[in-house]
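Trainee: Line by line, the protein sequences give chains S and D. Counting in the working numbering, the first sequence runs without a single skipped number right up to 862 at its last residue. Counting in the working numbering, the second sequence runs without a single skipped number right up to 451 at its last residue. What follows is a structure written as structure tokens; I'll ask about it next.
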Amino acid sequence: MKRWLGITNVLFILVTITALLPSAKNSSQSEYTIGLLLFIELIYIAVLLFEKNKEKVETHGDVTAIIYVILFLWELFTAKLNLLDVHLYPAPGEIVKLFLLEIPEMIKGFISSIQLLAGGYILALVTAIPLALFIGWRKRLYKVVKPLTKVLGPIPPIVYIPYAIAILPTFKAASVFVIFIGAFWPIFINTLNGVFNIDRRLIDSAKALNVKERSMLLEVILPGTLPAIFSGATIGLVLSFILLTAAEMIGATSGIGWYVKYFSDFADYSKVIVGIIFIGIVVTGITFFLERIEHYLLRWRK
Amino acid sequence: MDMSKISLKNVTLQYTDNNTAYTAIKDVSFHVGEGEFISIIGPSGCGKSTLLSLFAGLNFPTDGNILIDGKEVTGTGTDRGVVFQHYSLFPWMTAKKNMVFGIKQVLKDKSRKEIDAIADEYLELVGLKDFKDKYPSQLSGGMQQRVAIARALAMNPGVLLMDEPFGAIDAKNRVVLQELLLKLWEGGSQKKTVIFITHDIDEAILLSDRIIVMTAGPGTVKKEIKVPFKRPRDRSSLVRSAEYSELRNKLISLFYDDLLQKIGGEEVVL
Numbered sequence: 561m562k563r564w565l566g567i568t569n570v571l572f573i574l575v576t577i578t579a580l581l582p583s584a585k586n587s588s589q590s591e592y593t594i595g596l597l598l599f600i601e602l603i604y605i606a607v608l609l610f611e612k613n614k615e616k617v618e619t620h621g622d623v624t625a626i627i628y629v630i631l632f633l634w635e636l637f638t639a640k641l642n643l644l645d646v647h648l649y650p651a652p653g654e655i656v657k658l659f660l661l662e663i664p665e666m667i668k669g670f671i672s673s674i675q676l677l678a679g680g681y682i683l684a685l686v687t688a689i690p691l692a693l694f695i696g697w698r699k700r701l702y703k704v705v706k707p708l709t710k711v712l713g714p715i716p717p718i719v720y721i722p723y724a725i726a727i728l729p730t731f732k733a734a735s736v737f738v739i740f741i742g743a744f745w746p747i748f749i750n751t752l753n754g755v756f757n758i759d760r761r762l763i764d765s766a767k768a769l770n771v772k773e774r775s776m777l778l779e780v781i782l783p784g785t786l787p788a789i790f791s792g793a794t795i796g797l798v799l800s801f802i803l804l805t806a807a808e809m810i811g812a813t814s815g816i817g818w819y820v821k822y823f824s825d826f827a828d829y830s831k832v833i834v835g836i837i838f839i840g841i842v843v844t845g846i847t848f849f850l851e852r853i854e855h856y857l858l859r860w861r862k
Numbered sequence: 182m183d184m185s186k187i188s189l190k191n192v193t194l195q196y197t198d199n200n201t202a203y204t205a206i207k208d209v210s211f212h213v214g215e216g217e218f219i220s221i222i223g224p225s226g227c228g229k230s231t232l233l234s235l236f237a238g239l240n241f242p243t244d245g246n247i248l249i250d251g252k253e254v255t256g257t258g259t260d261r262g263v264v265f266q267h268y269s270l271f272p273w274m275t276a277k278k279n280m281v282f283g284i285k286q287v288l289k290d291k292s293r294k295e296i297d298a299i300a301d302e303y304l305e306l307v308g309l310k311d312f313k314d315k316y317p318s319q320l321s322g323g324m325q326q327r328v329a330i331a332r333a334l335a336m337n338p339g340v341l342l343m344d345e346p347f348g349a350i351d352a353k354n355r356v357v358l359q360e361l362l363l364k365l366w367e368g369g370s371q372k373k374t375v376i377f378i379t380h381d382i383d384e385a386i387l388l389s390d391r392i393i394v395m396t397a398g399p400g401t402v403k404k405e406i407k408v409p410f411k412r413p414r415d416r417s418s419l420v421r422s423a424e425y426s427e428l429r430n431k432l433i434s435l436f437y438d439d440l441l442q443k444i445g446g447e448e449v450v451l
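The structure is reproduced here in structure tokens:
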């Protein structure tokens, strides 16, 4: 019984009652706020019922509580008290309603964006990893390339955007190129350092087995470097996303970054917020996906 | 004509670090016969592990030469199996995969099925059949060393090089592993030549036919001692015998002699 009366559920009741109170203006769409609250609460109840790990339940409850507090303040200051500029600060219900309406449009944008992102990012993965493995393994090459990475690596890739747009035939090619550059360096540098820092004793062990170079690179160096590759790939992914949206805001005619920029030009801030939330969801989804892959491939670690 | 399996002639290894030359090993010569079990003991820094890396072909002498079967060592080879104290196994491979990875370096033409069968056979031999799908991180230190030994044996090398393989294992499990190693070595159809690095005097006596005592700074051979006990050896009766104590005391005095001299000769701040 006690777990049903935690702070999270008390907050749920509080914020739901607040949403049910009459609004200061009719356009607040508080029924959508309530819909969202019910949706979040249903997930929480499911966790309470089915999750065995106490700590996970607790964390989920805490996060849910924070969301309720934000929704409470948001609903209170916009819909109920009408203290904020309606244009700049739409009520939560309006955003929820608009979000649902805009889903098809945003999926279109997502499909357009993901092509650029995947193009640049995958290109970075398939070039940076083999190149870094090979260079890291050859000490002499490593010594030449290492200082080069120190000069080229830290250049913020955003500065390449205008030039890339100028020299490449299409906006699409320019975006893919910039995303590629942005993702390439963190993956390349991390992999390179990963190869260099691999435990000498493991290399010796492989040498003692008389392993040939191909096998050494693919079956020893590559898996041994995988933890470093993943940390580079995660940074690379985040950077790609930043570059994707930046590029789209500068020159695209579709995509999720374009969506935000386009509607902010019209001062349609409700759609801007919807776009930002959607980008947040997409980024979370992709990072989660990458984490699952990492978790699986590095399952041999303690 | 030199008939020994392994022979070292005036082996010296120098290296430079920060423009200073160091001599890790100086003028080491000895022979190892076919099927002989040799232990090399000595204090840390006496170059015993470095010596093993020379046998393995991971490192090369700056002077003198090492012959195995009459041929100079020019690199690593599958005629020698190595078991290290740590990281013999690859952490991203299961016990079985580690076995298969090693075996296929030797038996390149065998089918996957045959290699699998050999891996299973040797894992069973060291009592780890049920752990074949575990990763090294899921195995105890002792189990990891068993897999490493099983892999080295499955590759069927003429020479087994072991660099303090039980150095990180607790005393009780160390005894179990020593017995297992002896059983496998004595039970093999053709006895392998073993070079075993250790700093454990009892371990050296129990396992070896001959013990080479090294001393540090620079690493040289101080003495070679034959272990006269018959095989198979029974640990409990052996350790109670007078001959055992005599040999042990002799080794201890050799082992600690220069250590004590060093402490006596220098100002020691504790």
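Ideal Cβ placement from N, Cα and C applies to all residues, glycine included.
1. Give the secondary structure of Q359 (chain D) by DSSP, where H, G and I count as helix, E and B as strand, and everything else as coil.
2. From F756 (chain S) to V832 (chain S), what distance separates their C-alpha atoms?
3. Cα-Cα, which of S:L676, S:W697, S:S587, S:Y822 is closest to T785 (chain S)?
4. Does DSSP put S588 (chain S) in a helix, a strand or coil?
5. Taking only the alpha-carbon atoms, compute the straight-line gap between D622 (chain S) and I763 (chain S) and give it to the nearest angstrom.
6. Is T805 (chain S) helix, strand or coil by DSSP?
7. Could you spell out the range, first to last residue, of the alpha helix (DSSP H) harbouring L580 (chain S)?
8. Any contact of the region 803-820 of chain S with the region 673-684 of chain S, i.e. 3+ C-beta pairs under 8 Å?
9. Could you spell out the range, first to last residue, of the alpha helix (DSSP H) harbouring G680 (chain S)?
10. So with Cβ pairs under 8 Å, would you call P783 (chain S) a contact of chain D?
11. Alpha carbon to alpha carbon, how far is V450 (chain D) from E424 (chain D)?
12. State yes or no: is the beta carbon of D825 (chain S) nearer than 8 Å to at least one beta carbon in chain D?
13. Give me the residue from S:V820, S:R852, S:A827, S:L581 with the minimum Cα distance to I837 (chain S).
14. Three or more C-beta pairs under 8 Å: does that hold for the region 570-578 of chain S against the region 644-656 of chain S?
15. Just verifying my parser: in three-state terms, what is the DSSP assignment at R760 (chain S)?
16. What residues in the region 759-772 of chain S have a beta carbon less than 7 Å from any beta carbon of chain D?
17. Buried or exposed: which applies to A454 (chain D), given that a residue is buried once 16 or more other Cβ atoms fall within 10 Å of its Cβ?
18. Can G400 (chain D) and L358 (chain D) be called in contact, C-beta distance under 8 Å?
19. Which term fits L580 (chain S), buried or exposed, when burial requires 16 or more other beta carbons within 10 angstroms of its beta carbon?
20. Between the region 730-750 of chain S and the region 235-249 of chain D, can you find at least three pairs of beta-carbon atoms closer than 8 Å?
21. Look at the alpha carbon of I605 (chain S) and the alpha carbon of A807 (chain S), and state the distance between them as a whole number of angstroms.
22. Return yes when the Cβ of L432 (chain D) is within less than 8 Å of the Cβ of I406 (chain D), no when it is not.
23. Decide if the region 338-349 of chain D is in contact with the region 362-382 of chain D; the criterion is three or more beta carbon pairs, one per stretch, under 8 Å apart.
24. Rounded to whole angstroms, what is the Cα-Cα separation between Y438 (chain D) and G223 (chain D)?
25. Any idea what DSSP makes of K315 (chain D), helix, strand or coil?
26. Are the CB atoms of A639 (chain S) and S590 (chain S) nearer to each other than 8 Å?
27. Do we get a CB-CB distance below 8 Å when we pair W860 (chain S) with the residues of chain D?
28. Where does K706 (chain S) sit, in a helix, a strand or coil, going by DSSP?
29. Work out the CA separation of I789 (chain S) and L857 (chain S) for me, nearest whole Å.
30. Could you name the residues of chain S that A237 (chain D) contacts, counting a contact when the two beta carbons are closer than 7 Å?
31. Which residues in the same chain have their Cβ closer than 8 Å to the Cβ of L636 (chain S), if we skip the five residues on either side of it in sequence?
32. For a cutoff of 8 Å on Cβ pairs, would you count E854 (chain S) as touching chain D?
33. Are the beta-carbon atoms of T864 (chain S) and G792 (chain S) separated by less than 8 Å?
34. Is Y303 (chain D) close to chain S? Criterion is C-beta to C-beta, closer than 8 Å.
35. Taking only three categories from DSSP, how would you classify E611 (chain S)?
36. Which of the three DSSP states, helix, strand or coil, is assigned to E302 (chain D)?
Mentor: So, to answer that:
1. Within the second sequence, residue 359 (chain D) is the residue found at index 178, counting from 1. Q359 (chain D): helix per DSSP, three-state reduction.
2. Position 196 of the first sequence, counting from 1, holds the residue named residue 756 (chain S). Position 272 of the first sequence, counting from 1, holds the residue named residue 832 (chain S). Looking at the two C-alpha atoms, the distance is approximately 45 Å.
3. What you label residue 785 (chain S) is simply residue 225 of the first sequence in a count that begins at 1. Measuring from the Cα of T785 (chain S), the nearest candidate turns out to be S:W697.
4. Translated into positions along the first sequence, residue 588 (chain S) becomes position 28. Helix at S588 (chain S).
5. To locate residue 622 (chain S), count along the first sequence from 1; it is residue 62. To locate residue 763 (chain S), count along the first sequence from 1; it is residue 203. Rounded to whole angstroms, D622 (chain S) to I763 (chain S) spans 46 Å at the Cα level.
6. To locate residue 805 (chain S), count along the first sequence from 1; it is residue 245. Annotated three-state conformation of T805 (chain S) is helix, per DSSP.
7. The sequence position of residue 580 (chain S) within the first sequence is 20, counting from 1. Where L580 (chain S) is concerned, the enclosing alpha helix (DSSP H) stretches over 567-580.
8. Taking 8 Å as the limit for Cβ pairs, the verdict is that the region 673-684 of chain S does touch the region 803-820 of chain S.
9. As a position in the first sequence, residue 680 (chain S) is number 120, starting the count at 1. First-last of the alpha helix (DSSP H) with G680 (chain S): 652-697.
10. Along the first sequence, one-based indexing puts residue 783 (chain S) at 223. Any Cβ of chain D closer than 8 Å to the Cβ of P783 (chain S) would place that residue at the interface, and such an atom is present.
11. Residue 450 (chain D) sits at position 269 when you count from the first residue of the second sequence. Residue 424 (chain D) sits at position 243 when you count from the first residue of the second sequence. For V450 (chain D), the predicted model reports a pLDDT of 45, less than 50, meaning its position is unreliable; a value from the coordinates is still stated below. Each residue's alpha carbon lies about 38 Å from the other.
12. On the first sequence, position 265 is the one that residue 825 (chain S) refers to. It does not: the Cβ of D825 (chain S) has no partner Cβ on chain D nearer than 8 Å.
13. Residue 837 (chain S) sits at position 277 when you count from the first residue of the first sequence. Nearest C-alpha to I837 (chain S): S:V820.
14. With the cut-off at 8 Å, the region 570-578 of chain S and the region 644-656 of chain S do not touch.
15. For the purposes of this step, residue 760 (chain S) is identified with residue 200 of the first sequence, where counting begins at 1. Here R760 (chain S) sits in helix by DSSP.
16. Of all residues in the region 759-772 of chain S, those with a C-beta nearer than 7 Å to a C-beta of chain D are D759, R761, L762, D764, S765, K767, A768, L769, N770, V771, reading in chain order.
17. Beyond the ends of chain D as shown, which are 182 and 451, falls residue 454 (chain D); an answer cannot be given.
18. In the second sequence, residue 400 (chain D) corresponds to position 219, counting from 1. In the second sequence, residue 358 (chain D) corresponds to position 177, counting from 1. Contact: no.
19. As a position in the first sequence, residue 580 (chain S) is number 20, starting the count at 1. Result: exposed.
20. Contact between the region 235-249 of chain D and the region 730-750 of chain S is absent: fewer than three C-beta pairs spanning the two stretches fall below 8 Å.
21. Position 45 of the first sequence holds residue 605 (chain S). Position 247 of the first sequence holds residue 807 (chain S). Taking the straight line joining both Cα atoms gives about 41 Å.
22. Position 225 of the second sequence holds residue 406 (chain D). Position 251 of the second sequence holds residue 432 (chain D). Yes. Within cutoff.
23. By the Cβ test, the region 338-349 of chain D is in contact with the region 362-382 of chain D, since at least three Cβ pairs between them sit closer than 8 Å.
24. Sequence index remark: in the second sequence, residue 438 (chain D) carries index 257 (1-based). Sequence index remark: in the second sequence, residue 223 (chain D) carries index 42 (1-based). The identity of residue 438 (chain D) in the sequence shown is Asp, whereas the question assumes Tyr. When rounded, the separation of the alpha-carbon atoms in D438 (chain D) and G223 (chain D) is 11 Å.
25. Position 134 of the second sequence holds residue 315 (chain D). It is coil, neither helix nor strand.
26. By one-based count along the first sequence, residue 639 (chain S) stands at place 79. By one-based count along the first sequence, residue 590 (chain S) stands at place 30. For the 8 Å CB-CB criterion, A639 (chain S) and S590 (chain S) form a contact.
27. Counted from its first residue, the first sequence places residue 860 (chain S) at position 300. Proximity of W860 (chain S) to chain D, defined by a Cβ-Cβ separation below 8 Å, is satisfied.
28. Against the first sequence, residue 706 (chain S) aligns to sequence position 146. Assigned with DSSP and collapsed to three states, K706 (chain S) falls in helix.
29. As a position in the first sequence, residue 857 (chain S) is number 297, starting the count at 1. As a position in the first sequence, residue 789 (chain S) is number 229, starting the count at 1. Spanning the two alpha carbons is a distance of roughly 11 Å.
30. Indexing the second sequence from 1 puts residue 237 (chain D) at position 56. Correct list: A768.
31. Here residue 636 (chain S) refers to the residue found at position 76 when the first sequence is read from its first residue. These residues qualify, in order along the chain: T578.
32. One-based indexing of the first sequence puts residue 854 (chain S) at position 294. No, because no Cβ of chain D sits closer than 8 Å to the Cβ of E854 (chain S).
33. Residue coverage of chain S in this structure runs from 561 to 862, which leaves residue 864 (chain S) outside it and unanswerable.
34. Locating residue 303 (chain D) in the second sequence gives position 122, counting from the first residue. No, because no Cβ of chain S sits closer than 8 Å to the Cβ of Y303 (chain D).
35. Locating residue 611 (chain S) in the first sequence gives position 51, where the first residue counts as 1. Note: E611 (chain S) maps to coil in three-state DSSP.
36. As a working mapping, residue 302 (chain D) is identified with position 121 in the second sequence. It is helical.
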